[in-house]
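Visitor: Sharing a structure, written as structure tokens. Questions coming.
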Amino acid sequence: MPELPEVQTVLDGLSEVLTNRVLTGLECYYPGTVIVDPLLPDEAFPARVKETIRRGKYMILHLDSGAGLIIHLRMTGKLVYEPDPREPHKHERARILLEGGDAVRFIDPRTFGKITLFASANLSRFMPALGPEPLSKAFDAQYLSGLIAHRSAPIKNLLLDQRIVAGLGNIYVCELLYRARVQPQREGRKVSAPEIRRIVNHTKDVLQEALEVGGTSISDYRRIDDKSGEFQHFLRVYQKLECPKGHPLGNLRLGGRSSFYCPVCQK
DNA sequence: CAATGATCCTGTCCGC
DNA sequence: TGCGGACAGGATCATT
Numbered sequence: 145m146p147e148l149p150e151v152q153t154v155l156d157g158l159s160e161v162l163t164n165r166v167l168t169g170l171e172c173y174y175p176g177t178v179i180v181d182p183l184l185p186d187e188a189f190p191a192r193v194k195e196t197i198r199r200g201k202y203m204i205l206h207l208d209s210g211a212g213l214i215i216h217l218r219m220t221g222k223l224v225y226e227p228d229p230r231e232p233h234k235h236e237r238a239r240i241l242l243e244g245g246d247a248v249r250f251i252d253p254r255t256f257g258k259i260t261l262f263a264s265a266n267l268s269r270f271m272p273a274l275g276p277e278p279l280s281k282a283f284d285a286q287y288l289s290g291l292i293a294h295r296s297a298p299i300k301n302l303l304l305d306q307r308i309v310a311g312l313g314n315i316y317v318c319e320l321l322y323r324a325r326v327q328p329q330r331e332g333r334k335v336s337a338p339e340i341r342r343i344v345n346h347t348k349d350v351l352q353e354a355l356e357v358g359g360t361s362i363s364d365y366r367r368i369d370d371k372s373g374e375f376q377h378f379l380r381v382y383q384k385l386e387c388p389k390g391h392p393l394g395n396l397r398l399g400g401r402s403s404f405y406c407p408v409c410q411k
């Protein structure tokens with residue numbers, strides 16, 4: 145669920161919590177959630193956060209000890225700052241310990257999320273090859289065209305491929321394709337130049353809008369009550385029955401994921 | 001190399 | 001009230 149805007153929002157909150165704080169350790173409560181670089185220096189902790197970076201859906205924290213953390217929330221991961229926490233929460237898979245007894249809990253019911261503790265020099269060994277940031281200038285129509293012109297896979301699958309562009313997930317891809325008026329199942333090679341331009345532009349627009357409302361645009365739809373609302377007004381097709389113009393939506397399964405689209409507005 | 005499908009995992013929801 | 005099954009989806013791995 146967390147896609148680029150949500151990850152950025154979480155990272156901003158995490159940076160705020162960790163500023164000027166001393167990290168004293170990282171605990172793991174579920175096998176596999178924490179991955180430790182074999183070459184990690186012994187003096188990884190204590191350390192302060194020197195820099196925080198988002199790359200696609202990955203959060204990277206560089207520490208002043210020569211170590212760093214990569215945090216990936218996958219689908220259900222959450223970071224919760226907890227002053228003076230006691231027993232690990234039911235779904236707490238790991239915990240970042242802070243000097244003074246506070247902690248940041250990594251809560252992840254479905255256990256897909258990961259925290260990697262790495263030696264700074266080895267960052268690249270723990271990061272996959274990712275395409276450009278969708279909001280950067282590198283992600284433009286010419287770039288995208290070059291990567292999809294010969295592809296027969298559905299445009300939606302291509303946009304979900306993090307090697308092509310880093311940070312999009314199922315929900316925003318459904319939304320941006322609606323805005324770009326292109327059906328998700330269209331083969332990459334059959335997407336015209338004007339359509340590619342619209343896809344690129346609407347990718348940037350939808351992400352920018354979501355960032356401006358603090359990434360609350362998608363979130364857990366089951367927790368509507370907790371979040372007062374930006375996202376009900378944000379989504380136009382995802383998990384909807386009809387598009388804003390009142391046309392009944394189609395729902396295809398592409399790459400194993402539900403794909404909402406409007407058969408009338410999208411060609 | 002490209003495309004597709006299975007896999008990991010648990011909470012939620014629906015129908016009976 | 002409880003049960004089984006479908007579903008949710010990011011990334012990786014296996015298969016064709």
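Residue numbers for the first sequence follow our numbering, so the first one is 145 and each next one is one higher.
Backbone N, C-alpha and C fix where the C-beta goes; we use that ideal spot for every residue, glycine too.
Keep in mind it's a predicted model, so treat the numbers as computed, not measured.
1. Is the separation between the beta-carbon of G311 and that of E147 shorter than 9 Å?
2. State whether the region 226 to 235 contacts the region 201 to 210, with contact taken as three or more CB pairs (one from each stretch) at a distance under 8 Å.
3. Roughly how many angstroms separate the alpha carbons of T347 and V317, rounded to a whole number?
4. Buried or exposed for P182, going by 16 or more other Cβ atoms inside 10 Å?
5. Taking the straight line between their C-alpha atoms, what separation do you get for H294 and G157?
6. What are the partner residues of L205, as DSSP defines its beta bridges?
7. Does T347 come out as helix, strand or coil in the three-state DSSP assignment?
8. Please report the distance separating the alpha-carbon of G212 from that of P276.
9. In terms of residues, what are the limits of the alpha helix (DSSP H) holding I292?
10. Using the Cβ count rule (16 or more neighbours within 10 Å means buried), how would you classify P392?
11. Please classify K281 as buried or exposed, where buried requires at least 16 neighbouring CB atoms within 10 angstroms.
12. Just mark P298 as buried or exposed, buried being the case when its beta carbon has 16 or more other beta carbons within 10 Å.
13. By Cβ distance, which residues of its chain are closer than 6 Å to R323, with the 5 residues on each side in sequence left out?
14. When burial is assigned at 16 or more other CB atoms within 10 Å of the CB, is G244 buried or exposed?
15. For F189, list the residues DSSP reports as bridge partners.
16. Compute the Euclidean distance between the alpha carbons of I259 and K194, then round it to the nearest angstrom.
17. For T177 versus L241, is the C-beta spacing smaller than 9 Å?
18. If I measure Cβ to Cβ from K384 and keep anything under 7 Å in the same chain, skipping five residues before and after, which residues do I get?
19. Could you say which of C172, G200 and N164 lies nearest to A273 if we only look at CA atoms?
20. Over what stretch of residues does the alpha helix (DSSP H) that includes C318 continue unbroken?
21. Leaving out five residues before and five after V89 in sequence, what residues of the same chain have Cβ atoms less than 8 Å from its Cβ?
22. Please indicate yes or no: does the CB of L396 lie closer than 8 Å to some heavy atom of the ligand SAM?
23. For F250, which of helix, strand or coil comes out of DSSP?
24. For L288 and V309, what's the separation of their Cα atoms in angstroms?
25. Just to check my reading of the structure: R397 and E319 have Cβ atoms closer than 8 Å, yes? What is that Cβ distance to the nearest angstrom?
26. Anyone know if the C-beta pair for P190 and V154 falls short of 9 Å?
Guide: Taking the structure as given:
1. Along the first sequence, read from residue 1 onward, the residue named residue 311 stands at position 167. Along the first sequence, read from residue 1 onward, the residue named residue 147 stands at position 3. Yes, the Cβ-Cβ distance between G311 and E147 is below 9 Å.
2. No, they do not touch.
3. The count along the first sequence starts at 1 and reaches residue 347 at position 203. The count along the first sequence starts at 1 and reaches residue 317 at position 173. Distance between the alpha carbons of T347 and V317: 8 Å.
4. Here the question's residue 182 lines up with position 38 in the first sequence. P182 should be labelled exposed.
5. On the first sequence, position 150 is the one that residue 294 refers to. On the first sequence, position 13 is the one that residue 157 refers to. Rounded to whole angstroms, H294 and G157 show a C-alpha spacing of 41 Å.
6. By one-based count along the first sequence, residue 205 stands at place 61. L205 is bridged to T196 and L213.
7. Indexing the first sequence from 1 puts residue 347 at position 203. Helix at T347.
8. Within the first sequence, numbered from 1, the residue matching residue 212 stands at position 68. Within the first sequence, numbered from 1, the residue matching residue 276 stands at position 132. Taking the straight line joining both Cα atoms gives about 22 Å.
9. For the purposes of this step, residue 292 is taken as the residue at position 148 of the first sequence. Segment A285 to I292, the alpha helix (DSSP H) holding I292.
10. Position 248 of the first sequence, counted from the first residue, corresponds to residue 392. In this structure P392 is exposed. Its beta-carbon is surrounded by fewer than 16 other beta-carbon atoms within 10 angstroms.
11. Walking along the first sequence from the start, residue 281 turns up at place 137. By the 16-neighbour rule on beta-carbons within 10 angstroms, K281 is exposed.
12. Working through the first sequence from its first residue, we reach residue 298 at position 154. Per the 10 Å Cβ criterion, buried.
13. By 1-based counting over the first sequence, the position of residue 323 is 179. The beta carbon of R323 sits closer than 6 Å to the beta carbons of H346 from its chain, once the five residues preceding and following it are set aside; these are given in chain order.
14. Numbered from its first residue, the first sequence carries residue 244 at position 100. Exposed, by the Cβ-count rule.
15. Taking the first sequence and counting its residues from 1, one reaches residue 189 at position 45. Per DSSP, none; premise fails for F189.
16. Counting from 1 along the first sequence, the entry for residue 259 is found at position 115. Counting from 1 along the first sequence, the entry for residue 194 is found at position 50. Looking at the two C-alpha atoms, the distance is approximately 18 Å.
17. One-based indexing of the first sequence puts residue 177 at position 33. One-based indexing of the first sequence puts residue 241 at position 97. Against a cut-off of 9 Å, the Cβ pair of L241 and T177 comes out as no contact.
18. Reading the first sequence from its first residue, position 240 is the one you call residue 384. Cβ neighbours of K384 beyond the five flanking positions: L393 and F404.
19. By one-based count along the first sequence, residue 273 stands at place 129. Per the C-alpha coordinates, the member of C172, G200 and N164 positioned closest to A273 is G200.
20. The residue labelled residue 318 in the question sits at position 174 within the first sequence. For C318, the enclosing alpha helix (DSSP H) begins and ends at N314 to A324.
21. In the structure displayed, the chain extends from 145 to 411; residue 89 sits before or after that span and is not available.
22. In the structure shown, the ligand SAM is absent, as is every other ligand, since no ligand is present at all.
23. Counting from one through the first sequence, the residue named residue 250 turns up at place 106. If DSSP states are grouped into helix, strand and coil, F250 belongs with the strands.
24. Here residue 288 refers to the residue found at position 144 of the first sequence. Here residue 309 refers to the residue found at position 165 of the first sequence. Going from the Cα of L288 to the Cα of V309 covers about 9 Å.
25. Taking the first residue of the first sequence as position 1, residue 397 is located at position 253. Taking the first residue of the first sequence as position 1, residue 319 is located at position 175. Not a contact, Cβ separation roughly 18 Å.
26. Along the first sequence, one-based indexing puts residue 190 at 46. Along the first sequence, one-based indexing puts residue 154 at 10. Cβ distance not < 9 Å, so P190 and V154 don't count as in contact.
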